[in-house]
Amino acid sequence: MGSIGDWGAGATPAKGNSDYYGGNILWLRTGELNNGVVYDTEIKITEKALQECSLRLNKA
């Protein structure tokens, strides 16, 4: 997998904070990796979540 992108694990934005969800940044969960190529994710996070939750944006 390292040859197709950067991978890592870490923090998850608080699920109870609606300001962190519904944005346009794909949030990939490990269960979504079972389907092969990922074009979209069920959950998307906001810029606010990216900035406030010590998250790292991994580019594919």
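Note that the sequence shown covers residues 0 to 59 in numbering that gives the first Met the number 0. A virtual CB, placed ideally from N, CA and C, is assigned to each residue, including glycine.
Can you tell me which of the options puts its alpha carbon nearest to the alpha carbon of residue i?
i: N57; options: I24, A13, K14 and N33; result: I24
i: V36; options: R55, L27, N16 and I42; result: L27
i: G15; options: R55, A8 and A48; result: A48
Hey, residue i and residue j are a contact pair by Cβ (cut 8 Å); roughly how many whole angstroms apart?
i: Y19; j: I42; result: Not really, about 10 Å apart at Cβ, beyond 8 Å.
Would a C-beta distance cut-off of 9 Å place residue i and residue j closer than the cut-off?
i: R55; j: G9; result: yes
Can you tell me which residues form a DSSP beta bridge with residue i?
i: Y20; result: I44
i: L32; result: In DSSP, L32 forms no bridge with anything.
i: L49; result: L49 pairs with nothing; no bridge assigned.
i: L25; result: K43
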